[in-house]
Amino acid sequence: DAIDKFESLDARYPFGDTAEKAQLYAIYAYFKSGNYAVALAATERYIHLHPDSTRVDYAYFMKGVLNYEQNQGVFERYFSFSDLTERDLTAAKQSFLDFKVLVMSYPDSAYTMAAIEYMAYLRNLMADQEVAIAQYYYDRKAYVASVNRANEVILHYQGAPAMTDALLVAAQAYDALGLDDLTALYYEVLALNFPDSNQVTQLSDMDL
């Protein structure tokens, strides 16, 4: 009922502050009704029509939330994904970028802190997937591919908990390739930065 009324208000009085508010309320109403595709289109429309509005930060925030829900929320509520290598994180990556726009462009927004929390979670999820794929390649003796995936985490996901696993997989892959200097280097980086981690113990067992 709310959606119908907001749409009617927007259609009959398309200009002015009231219509702008109706467009924002409609975004949330679409979201709560589970109609994420229409809600996303509504955020894009609002941003296009009101790029300089003092409320546009909300539209950017909801854009991130909607992409998050499309990829993360629904699946996490109803399914269990034990194999990250088979999970499509396209919408999660878009969600991260949406939140990044908000944080960079509107640092004083009331939604910025929540966006940062979303970004931290999504960063960790994407890092976990890269490590899972690196391990997948390592288990199948595709060591170069394994190293490449592990290095993606090391280079682009600083601060993610998966960093220790990435360093471990990379060191093991370099060891399998017979690249002793690189193996020792990654072990040293791991031991220096994460001295109490289980991954250091595993590499120590390799007599590096």
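The opening position of the sequence shown corresponds to residue 2 in the numbering used here, with each subsequent residue numbered one higher.
Each residue gets a CB set at the ideal place from its N, CA and C atoms; glycine is no exception.
Secondary structure of H157, DSSP reduced to three states: Helix, per DSSP.
Local conformation of H49 per DSSP, three classes: helix
Beta-carbon proximity of Y112 to F62, cut-off 7 Å: Taking 7 Å as the Cβ cut-off, Y112 and F62 qualify as a contacting pair.
Cβ-based burial, R150 [other Cβ within 10 Å; buried from 16]: In the assembly as shown, R150 is a buried residue. Its beta-carbon has 16 or more other beta-carbons within 10 Å.
Same chain, Cβ closer than 6 Å to E187, five either side skipped, listed in chain order: The sequence shown places Tyr at residue 187, not Glu. Closer than 6 Å at Cβ, skipping near neighbours: L168, A171, A172.
6 Å CB neighbourhood of V102 in its chain, flanking five on each side removed: Excluding residues within five positions, the ones whose Cβ falls inside 6 Å are Y61.
Residue span of the alpha helix (DSSP H) that contains G65, given as start and end: 57-69
Reference Q130; option with closest CA among I117, V154, S9, A143: In terms of Cα proximity to Q130, the closest of I117, V154, S9, A143 is V154.
Which of helix, strand or coil DSSP assigns to D182: helix
Limits of the alpha helix (DSSP H) - the one that R141 falls within: That residue, R141, is in no alpha helix (DSSP H); it is neither H nor E in DSSP.
Burial state of L105 (16 or more Cβ within 10 Å): Here residue 105 is Met; the residue named in the question, Leu, does not match the sequence. That one is exposed.
Cβ distance (whole Å) where Q24 is taken to contact A43 below 8 Å: So it is a contact: roughly 7 Å between Cβ atoms.
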